[in-house]
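J.:
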Amino acid sequence: MTRGAIVVPPGEGHRFGNVEFLARTADTPRFTFGIIEIAAGRELEAHVHADEDDAFYLLEGELTFTFGTEQVTAGPGAFVLVPPGVEHGFRNETAGPVRMLNLHAPAGFDRRIGLRD
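Going by our numbering, the residue at position 45 of the sequence shown is 49; the numbering climbs one at a time, nothing skipped.
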């Protein structure tokens with residue numbers, strides 16, 4: 005774990021697929037924080053995080069979130085918080101990309117999807 009301030013210049017986070025991690029598990033055990041880009045037409049299937057909060061803040065574009073049988077559309081400026089144990093997924097039904105901030109607490113999400121220190 006890092007023992008000092010971390011400053012990540014624009015575009016210089018740790019990239020893994022469509023996620024640019026700005027704070028990783030190696031930086032702090034408390035959370036991971038990144039920018040996610042979702043291409044037009046892409047869908048993330050419903051899933052559950054047993055022991056962590058999953059939070060989203062939309063910067064650009066529009067996503068349709070699913071929570072079990074409920075659907076909610078969220079655009080720029082919307083905040084979505086998914087507590088542990090809540091099934092969720094999302095899809096980009098628009099013709100353009102979506103950019104959003106994503107926070108998982110506690111940390112570990114980056115390692116689960118394959119980012120290594």
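Every residue gets a Cβ at the ideal spot worked out from N, C-alpha and C, and that includes glycine. As the structure is a prediction and not an experimental result, all values here were calculated from the model.
#1: With H, G and I counted as helix, E and B as strand and the rest as coil, what does DSSP make of Asp114?
#2: Which residues bound the beta strand (DSSP E) around Glu41?
#3: For Asn22, which residues of its own chain have a beta-carbon under 8 Å away from its beta-carbon, when the five flanking residues on both sides are left out?
#4: May I ask you to list the residues that DSSP assigns as paired with Asn96?
#5: Could you give the C-beta distance for Thr29 and Gly112, rounded to a whole number, given that I count them as a contact under 8 Å?
T.: Straight from the coordinates:
#1: Looking at Asp114 - three-state DSSP - the assignment turns out to be helix.
#2: Where Glu41 is concerned, the enclosing beta strand (DSSP E) stretches over Thr36 to Ile42.
#3: The beta carbon of Asn22 sits closer than 8 Å to the beta carbons of Ile40, Glu41, Ile42 and Ala43 from its chain, once the five residues preceding and following it are set aside; these are given in chain order.
#4: For Asn96, DSSP records no beta bridge to any residue.
#5: The distance from the Cβ of Thr29 to that of Gly112 is about 6 Å, consistent with a contact at the 8 Å cut-off.
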